[in-house]
Each structure stands twice: as structure tokens, then as C-alpha cells.
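K.L.:
Counting from 212, one number per residue, gives the positions in the sequence shown under this note's numbering.
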Amino acid sequence: MSASLVVGVDVGGTNTDSVLLDVSKKGSDAVLASHKAATTSNVTLGVQETLAVLLNKSTVERADISALAIGTTHFINAIIERDSSRVEKVAVLRLASYNFSSGTPPFADWPASLKRIVHGYSAFIPGGCNIDGQLIADIDEAAVREQAAIIQARGIRNVVIVGIGSPSDTRYNQEERVREIMQPLLPQDVNFVISKDVAGNGLLARENASILNASILNFARRAICSFMAAMKHVGLQCPLYLTSNAGHLLTSTDAMQFPIRIFSSGATNSIRGAAFLVGSEIGNTGCVVVDIGGTTTDVGYLLKNGYPRLSKSFTDLAGVKVNLEMPFVESIGLGGGSILHTTPNTEDVVVGPDSVGHDLLTKALAFGGDVPTATDVVVAAGGTVLGTHKVGLSPKLISKAQARMKKLLETCIDRSKNSPDPCTVILVGGGSILCPPSLMGVSKIILPEHAGVANAIGAAMAKISGSAELIVKGVEAQKGIAEAKAQAINNAVAKGGDPSSIIVLDQEVVGVPYTEDQTRIKVEVALPADHERARKEMQLLSDNSDADTVKELFQETKVHEISVNGDDAESERIDFDSYRPHVTPEGVWMLSEIDLRFLSLGCYILGTGGGGSPYTTYLTLRQYLEEGHTLSIVSVDDLRDDDCLPTAGAIGTPAVSIEKPGGDGMMHALQLMSTKLNAKFTHLLAFEIGGGNGLSPLVCGSSKHFNLPTVDGDLMGRAYPAFEMVSTYVHADNINTLLPVTLCSGTGHDVFIPADATDESAPGIEIRNVCVAMGMACGAAGVPLSGREMKDFGIPNTHSLAWRLGRVVAQAQQSNMLSTLPEKLIAECGGPGSARRLFTGKIRGVESGLTTTAHSVGKVTIEALSEEEVENEADRQGDWKEIVIPFMNENLAVIGKDTNGQETILATIPDLISLLDVSTGENIGVQEYRYGLKVTVMLFAPHPVWTSSERGIRIGGPEGAHLPYKYNPTLTYSKPRSVIEEFRPRS
212 MSASLVVGVD VGGTNTDSVL LDVSKKGSDA VLASHKAATT SNVTLGVQET LAVLLNKSTV
272 ERADISALAI GTTHFINAII ERDSSRVEKV AVLRLASYNF SSGTPPFADW PASLKRIVHG
332 YSAFIPGGCN IDGQLIADID EAAVREQAAI IQARGIRNVV IVGIGSPSDT RYNQEERVRE
392 IMQPLLPQDV NFVISKDVAG NGLLARENAS ILNASILNFA RRAICSFMAA MKHVGLQCPL
452 YLTSNAGHLL TSTDAMQFPI RIFSSGATNS IRGAAFLVGS EIGNTGCVVV DIGGTTTDVG
512 YLLKNGYPRL SKSFTDLAGV KVNLEMPFVE SIGLGGGSIL HTTPNTEDVV VGPDSVGHDL
572 LTKALAFGGD VPTATDVVVA AGGTVLGTHK VGLSPKLISK AQARMKKLLE TCIDRSKNSP
632 DPCTVILVGG GSILCPPSLM GVSKIILPEH AGVANAIGAA MAKISGSAEL IVKGVEAQKG
692 IAEAKAQAIN NAVAKGGDPS SIIVLDQEVV GVPYTEDQTR IKVEVALPAD HERARKEMQL
752 LSDNSDADTV KELFQETKVH EISVNGDDAE SERIDFDSYR PHVTPEGVWM LSEIDLRFLS
812 LGCYILGTGG GGSPYTTYLT LRQYLEEGHT LSIVSVDDLR DDDCLPTAGA IGTPAVSIEK
872 PGGDGMMHAL QLMSTKLNAK FTHLLAFEIG GGNGLSPLVC GSSKHFNLPT VDGDLMGRAY
932 PAFEMVSTYV HADNINTLLP VTLCSGTGHD VFIPADATDE SAPGIEIRNV CVAMGMACGA
992 AGVPLSGREM KDFGIPNTHS LAWRLGRVVA QAQQSNMLST LPEKLIAECG GPGSARRLFT
1052 GKIRGVESGL TTTAHSVGKV TIEALSEEEV ENEADRQGDW KEIVIPFMNE NLAVIGKDTN
1112 GQETILATIP DLISLLDVST GENIGVQEYR YGLKVTVMLF APHPVWTSSE RGIRIGGPEG
1172 AHLPYKYNPT LTYSKPRSVI EEFRPRS
């Protein structure tokens, strides 16, 4: 057996590619044989037939082949197809105490059709840790045993254990302890999935990934065993690997434990294969890989280390939000089988996104069929495609189709680049003939030999990876890096790596938010695989496998598919144009799920880049409605002078809120305030409408908790980063007017900051220090306002404004009229004098970091669209070549630069500056800014509290953010129209 001979196979939606590679050689010289075949409905038989043809093309003895590596979409397809014959029910046990995450139970954001198949049972049991590893609550062994009995009675064979803070739990190992208690109490064939083994920080997304993984464990094992049977059938005795989403090898054992890590390996294999074929031509800054297949084109960025750039945000898998290491890939519906469509009136030509797929060889005109495809355009234009007939298409149609395909590719490449400079493109995939010889924004196009099977090459040359993450204190960073690297190597060796050759793929050293003198270090390494060790493991696995089960799957010809439509999008069947909110004759706005959706979208826009995403709070409130609880909002105008309105919200770092959502912190803070002041509250008030805190009072005020209405208004009219940036402080003599404040962890750690501070900055500093001591997140309640004070000093109707902005976005999404969204938003704000579109362009660069106060600071640069990218006249930018937006949690200013580099201040705070994603119409937070994203910059007028006095401008304007600019008002505030007033029944 030769250690250098490896077979790679990649099973795509259209084609199954295979290659025999000598990894001791470089580039195309390493390819000894290759084969491309249409993907069949029976994946296992297709792989077997592909292997047989490939091996027959070579004189290499089968016994000399050291490994087989397969990349497949087989597992993700089972989820996408909602196939109950392959996807099983799962029981979920969440370790969470003190009501953390209770408002967002397991499956809270799953599509209904998939939830019906997978959700077997779920429960909360005591446990959980803070993000710093400190204990929230210990495990209750009696509760664990009780849950084991329930799961056994239900006959569920897949159990997910997910604990709050588990990625940081290195001391208590709570998830592992629960498994150890349960295993002896359940049948031996029950599968256990520990969430921290699957994904990292982000409770709901990690849990979702773990559930998906558990749901296909048994199917994955059968499938992998069937691949082993196929190997034996063609005479291969080498170990089997499967390739991961991040471009690494998984042994058969690991793949059976973590099939979710294989879901998106196809695009990664293509990028890795491209890197192998071109070698040093990648360059020091990386390049773009364009993989054109039969149905789609996938475009990703190849880093100089030979691996793809990974997504830094959550990923959607079959409608489920997960946080896995996935390649950042832009995909478009353009492939060799893409169908041509023409419009009779305009004679425009559209290419795709529908495709004949693997029927290309029978349905395309060039192969004797009757469906015009993208391949037919190439053949008609004189291109050479093996086995094709002459195709008769008009010169005009050919020209328009070629122009359309060229623009599709250019746009997708531009979104994938990491700088505006012309890039090198490596072209791979069987549909590479569709690419023209030159592309805008591309300096060079490389079409390597064997490009058509780059995905199989990527599978064949993959390595074993290992990673480690730790937090160090003081000046121990270098020591910590060495320790993390050693741990990463050990982890790779444990997964089957050979430490004789080590490549450091990534080394990240960053400060820990809300802490001083602490550094988080993460190191990732790649090692060649120890094939002999993997072979022995696979032999043991094969000896213990169920031969009948393997045979059954091996002969599979058809699967049972469940309709994916069902009731996945109940709200989408509601006409947003005709929807009317429910307001009682007494003026109480009773919220529905649709209202919550509108409010969530609008609050994020008013967050002006900060405030945190309202998504988790929206899920909590939606869950309350499903449980039969009520949520209500009332008008400022209906308040009595002696009403008592405390402010309520959450403070802390977003990294904590996504790992430890909800909890009783806000409720405890309100209770403590009520006790300390001996006050009876009549309503609740948001201190900021922007971001998640715009919805926070609704959680406390629901009928599940205090049953108090939330007032339609707040004290900022947006989101601001500092404690004192509220309207009441503008009218106050000193900061003590904002006190007292109560801060509560939700676990019994409560702090009361009285109204006797003398240092102007002391309250803000103390609040931050308390927040850190509470695990970097807590609930807060502010000094109550009277109804009269709210009328005098508050900002009314901001929930109404958020609702209206969100409704416009939802309407534009539903009607597919996003191009007119900016004008619709302007109309909702009072017309062109109260809001305007400042700029439409694409993000060219992002610089960001953290201050000592944990504020996210930096700037984003947005460049004007090219002539080819302009889709409507409103997108044209006049004299501005680019704009720069500095931010500190929130967007602070807009600086325009003309073609001569001359700068002009276009806007500053207190104006509201928001960036909207052109493709969705939704707001983008500063943490989501990334290169290539096409955005519209919107400007909204602030409430007069920030503009009508020098003090207001000083607190909420450039000086308050330490900017060297002067505020120049260009918009006039228009009081938002009250939803309650508009929809209140008239007698």
C-alpha cells in the first residue's frame, strides 16, 4: 500500500466526480486518472460505479491505494427533503436554570414541517455556566434520571444535551456528566450528542446544529457502512474518510458521530482542489475560486494558506439557523443546465435559475433535446463541447445570454472578493465553458488542467484538523499561544492526524469584551492523516456493522419524501398590505405575531447599527403568544399624570446574550426598584427603542409576568452606547437625576445604585463594573418617570414608528419590491424632509476593534456602484465616489469622498444613520458588516430633544462621541403616526 495514492470522490447534485491522486506530486502531475458521471438517485451504487470506472482507467493496483475520501450532499439532502425514512426524532435536554432561555425553547425557530419530523421531546433541567466558565447552577441528578425515564417511555433513540455556556465549561463538564448519568438508564442503541462537541458559542444555533446532527446519526452510519461495502465491491481495502465543511478529513468513526460537518463539503472541496492545482499562483493575498457546475455556480475566496474563507456569522441549513464552520460561498443559479427564458415584448433573456440538472445530456438542444440551456449558448457561439450537435440560436439571443451570464458571474465574484482591487480567478467545475475570457474586476483567469474534477481533487488531498481555544490573563499571550498550539495538535492526533508534519492554519488573539487584561487565543492546525490507524478503526467498525442493514441501504433505489411546503411560513400567507393590528376601544394595542415581526424589523433599523439584534427577544415574545399570554402597548397620550413608568432593559456584551438569552434579570431589577422606592408600577418603558431593548419591556409586561402595558415611546428614539444619552438627562441638572438604577443577574446577585453619586462619570463606571461581575450581562431598571414626565421629556410613538418601518420592509419582501423600499421608508417617516436615502453602494472595507469600555469601534467604507451594478436611477451617487461611516456600537457619521478625494461631512449623530441590506431590506448591525455586501445608507431625523438645545447636541451629537465634527441639521423631525390612534375603533 502506497501512502501517496489517494482516491477522491465528490457527489454533487448533477455530477459525481472522482480522481486518483498521487499526493507526493504537485499540481496536474498528481492526477493519475479521473472520471465524471451523472449523479444517480442511488448515491451508493453511483459511487460504486464511479470507482469501478476510475480504477479501470489506471494501471495502479487497488492494494496500493492508501485512502478513499468522499464529499457528499447525501446527508443535507435528507434534511432538505424532509425525509422521515432517513431523519429521526430527537429528545433535547437543555441545562438551564433561573429561567435563562425559557422563552426560546428547543425548536423555537424551526420550520414547522421539519419540526414535526424531528421534535420528539424536549425539557429543561437545572444547570448551566456563564460565558467565563463560572457556575450558574449545578446538575440535579434526580431530574436527569426522571428525564431518562420519560425518554425511554417515548422510545426515542437520539438525545441531545445542551448546556448554557458549555463551550466555556472546562471545569464542571456538565453536558458530559448528564450523559454519564443517563447512559446506564437507557438502551445501548441510544445516541447521545453533546452540544459543545458540535459547535461553539451561541446557544440556539449550537443546539440547532446538535439536533440536526442527532437526527441523521443512524442514517449516516448506514450510509457510511454502505460506502464501505461499495469499496469492498471494487476491491479497495483502504480506509474511508469523508470531507468536512471546512476542508478537512473525518475518519469513518468521526463522520458517523458528526455527519453535520459534511453537509456543505462540496464547495470547500472545489476551493481546496483549485488550490492544489494552481499552487503558488494563489498569491500572498489569496484569490477567488469560481466553480461552475450543472445547476449552480459557487464562488468562494481562497486564502493564501490553501483553505476557503469561512463564514463569520450564523448559517441557514434547510431553514434552521446554526453556527458551524462553513465556507463563505456566494451561489447563483447559473450552470451548464440553466434554462434560457425570453420575454416576447422586450426580448430580454434570463438564464436560470431553473436547470435541467443531470438531464443535460438528454434535454439540452446540443444533445438532441428541446430545452435551450446555457450550454447551448456556448455551442451556438462556436464553443467546443464533446458529443454536441449544431445549435441554431439567433445572434441577438446569443449576445444577450452571454451578457447576462457575464454580469451574473461578475456580480457574484465581486461579493466574494476581500478588496476592490482586481483579483485572480481560478475557474473550476464542469461548466467552466460558460465563463467568458475576461471579467470586470478580474485581472487574470486561470483554468487549470483537470479543473472539471477539482472537487474530487480537493477531497483527495484534505488533511486532519485540530483546534484549541483558551483565555489567558496578563502578559501570558505568547505562552498561551504555545499552549493552544500544543493542545490543537493533540486534538488533531486524537482524530487520526500524523504529527510528523504540522501546518498552522489560523492563529487568533483578541481581547475579551467587558474584561481587563484577558486575551482569548484560538489556534487551528492541519496534519496529514495516519491511514494505517484509520484502516484499523474502519476494519473494527466493518466487523461490527449490521450486514443486512448495509445491504438494504446499498440496494436503495427510492426514498420517501415529505412535502417541504406545509405550514413552514404561516405569516407569509397573510397579506401584509391588508393586515390590521388589534386595538381595543380603550386604546390598548394587543400584539400579534405579525406585529412582533414588524416591531423586530423596525427596532433593528432604529438601532442605527447597534442595540443588538431583536431576534432572540422576538422569539421569546412569539413563544409567549403561542402559550396564550398577552402583550400590550398603550399611547403616551393616554397616560395619567401620576402613572409610574420605570424603564426596563438589558445591558452587556452581545456574546453573552446569544449564549444566555432571557432570564429573570429584568424582572428582578423591576421588583427591586419597586421595593426600594415602595412604588407600584402602572406601565413599563423602554429606555431605547433601537435594537433588542425596544422589545424588552414587552417581555416583563406580558401577562406571563407583571401584566403591565408597555408605553409607545422611549428615552432615546434610537440606540445610544452610553448610560447618560437619554432625553431625561438633557433636561436634568446632573446625572443623579437618572438614579436610582437597579442591576440584577437573574441568579440572586442584585445591586441598587442610589441617587447620591457626586462624580458625573461614577454611575456609568459602576454600572459597567457590576455588569462584569454578573457575567457580563444583566437586567436593568431605571428610575421611574411619572406620566407627566413622560409626556414632557419622553419620545412618544417610537414603537409605532418601528412597527411602520418594519411593515414596509415586510411588504417589500412579500411583493418582491425591495428597489422601492427606501422611498417607502421615507414616506413612513414623514416625507423627504424627515428622511432620505444617502447612498447605495457596496462595502469595500471594515475596520473594527474594542475599547476598554467594551464598545465596538471602527469604520466601514462603502464605494459607489459601477455602471454595470446600477439597477435603478436612485442608485446613482452623483459626486460621491465612496463614503466612510465611523461607529462606536452605533453609526456616528457619514463622510463623503468625491473623485478628487475631497471629504464632506454628510451627516452626524444625533441623525439616525442606518445601513440596510439591499437584498433583504433589513438592517445590518456593525457586527455584520463585511466586504462586498450591497447596502443602502438611510438617514432619519432625530427627535428635537437632541437638536433644539446646545445641551442636547452636546450629549447626543458629535461631541458626545468625541468626534471633531459640528452637527449640521438637514432634516426636520416629524412625529410618528400612532398605530393606536389610527386603528382604535371609533364609536
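Backbone N, C-alpha and C define an ideal beta-carbon position, used for all residues, glycine too.
Am I right that L1150 and L1127 are in contact with their C-beta atoms under 8 angstroms? What's the rounded C-beta distance?
P.N.:
Not really, about 12 angstroms apart at Cβ, beyond 8 angstroms.
K.L.:
Can you list, in chain order, the stretches of the beta strand (DSSP E) that have 3 or more residues and sit fully within the segment 504-572?
P.N.:
508-513, 526-528, 531-533, 540-543, 549-553, 560-566
K.L.:
If you run the structure through DSSP and keep just helix, strand and coil, what is I342?
P.N.:
coil
K.L.:
Do D233 and V664 have their C-beta atoms within less than 9 angstroms of each other?
P.N.:
no
K.L.:
Quick check: what's the CA-CA separation for L658 versus G494?
P.N.:
Just so you know, the alpha carbons of L658 and G494 end up roughly 16 angstroms apart.
K.L.:
Whether or not the segment 799-817 and the segment 841-857 are in contact is what I'm after, with contact meaning three or more pairs of Cβ atoms, one per stretch, closer than 8 angstroms; do they touch?
P.N.:
yes
K.L.:
For T760 and S1011, what's the separation of their Cα atoms in angstroms?
P.N.:
Its pLDDT being 43, under 50, T760 is placed unreliably by the model, and the measurement read from it follows with that caveat. Whole-angstrom Cα-Cα distance: 59 angstroms.
K.L.:
Could you tell me the alpha carbon to alpha carbon distance between V720 and G497, rounded to whole angstroms?
P.N.:
Near 22 angstroms, if we compare the C-alpha coordinates of G497 and V720.
K.L.:
Does the count of Cβ pairs from the segment 426-441 and the segment 499-513 closer than 8 angstroms reach three?
P.N.:
no
K.L.:
DSSP state of Q448, grouped into three classes?
P.N.:
coil
K.L.:
Give the straight-line distance between the Cα atoms of S437 and N702, rounded to the nearest whole angstrom.
P.N.:
28 angstroms
K.L.:
Considering only DSSP beta bridges, list what S246 is partnered with.
P.N.:
Checking the sequence shown, residue 246 turns out to be His, not Ser. DSSP lists S229 as partners of H246.
K.L.:
Specify whether the segment 691-709 and the segment 243-253 touch according to this definition: at least 3 beta carbon pairs, one from each stretch, less than 8 angstroms apart.
P.N.:
no
K.L.:
Go ahead and pull the three-state DSSP assignment for Q1138.
P.N.:
helix
K.L.:
Verify whether the separation of the beta carbon atoms of G820 and E621 is less than 9 angstroms.
P.N.:
no
K.L.:
Which residue wins for smallest C-alpha separation from A1021, given the options R808, G1107, I405?
P.N.:
R808
K.L.:
Report, in whole angstroms, the separation of the C-beta atoms of G223 and T250, which I expect to be a contact under 8 angstroms.
P.N.:
6 angstroms
K.L.:
Compute the distance between the beta-carbons of P1121 and G1163, then report whether it is under 9 angstroms.
P.N.:
yes
K.L.:
I need the DSSP call for I1096, collapsed to helix, strand or coil.
P.N.:
strand
K.L.:
Indicate the three-state DSSP secondary structure (helix, strand or coil) for K891 in the structure shown.
P.N.:
coil
K.L.:
Are the Cβ atoms of S997 and L1103 separated by less than 9 angstroms?
P.N.:
no
K.L.:
Answer yes if the segment 540-559 comes into contact with the segment 1144-1159, meaning at least three C-beta pairs across the two stretches below 8 angstroms, and no otherwise.
P.N.:
Look at the beta carbons and you see the segment 1144-1159 not touching the segment 540-559: under three pairs across the two are nearer than 8 angstroms.
K.L.:
Answer yes or no: does any C-beta atom of chain B fall closer than 9 angstroms to that of T1072?
P.N.:
Looking at the structure shown, chain B is missing, and only one protein chain is on hand.
K.L.:
Where does P395 land, buried or exposed, given buried means 16+ other C-beta within 10 angstroms?
P.N.:
exposed
K.L.:
Smallest Cα separation from G1265: which of G822, L888, P908, H840?
P.N.:
The structure shown does not extend to residue 1265, since the chain is modelled only from 212 through 1198, so no value can be given for it.
K.L.:
Does the beta-carbon distance from V981 to L949 come in below 9 angstroms?
P.N.:
no
K.L.:
Rank R731, A992, A984, V1137 by C-alpha distance to the C-alpha of P965 and give the top, closest one.
P.N.:
Scanning R731, A992, A984, V1137 for the CA closest to the CA of P965 turns up A992.
K.L.:
When you compare the segment 289-308 with the segment 324-342, are there three or more beta-carbon pairs, one atom per stretch, that lie closer than 8 angstroms?
P.N.:
Taking a cut-off of 8 angstroms for Cβ pairs, the segment 289-308 and the segment 324-342 touch, as three or more such pairs fall below it.
K.L.:
Mind checking D757: buried by the 16 CB within 10 Å criterion, or exposed?
P.N.:
Summary for D757: the model assigns pLDDT 48, below 50, so the residue's position carries little reliability; its value from the coordinates is reported in the next sentence. Around the CB of D757, fewer than 16 other CB atoms lie within 10 Å, so the residue is classed as exposed.
K.L.:
Does the count of Cβ pairs from the segment 320-327 and the segment 357-373 closer than 8 angstroms reach three?
P.N.:
no
K.L.:
Return the CA-CA distance between A486 and G517, expressed in angstroms with no decimal places.
P.N.:
5 angstroms
K.L.:
Evaluate contact between the segment 894-905 and the segment 1165-1172, counting only Cβ atoms and requiring at least three cross-stretch pairs below 8 angstroms.
P.N.:
no
K.L.:
For V389 and I350, what's the separation of their Cα atoms in angstroms?
P.N.:
Going from the Cα of V389 to the Cα of I350 covers about 8 angstroms.
K.L.:
Closer than 8 angstroms is the cut-off here; do at least three beta carbon pairs connect the segment 674-691 with the segment 732-748?
P.N.:
yes
K.L.:
From S1189, S252, L451, pick the residue whose C-alpha is nearest to that of T225; which is it?
P.N.:
S252
K.L.:
In chain order, what residues of the same chain lie with their CB nearer than 6 angstroms to the CB of A695, ignoring the 5 residues before and after it?
P.N.:
Correct list, in chain order: A679, L681, I732, V734.
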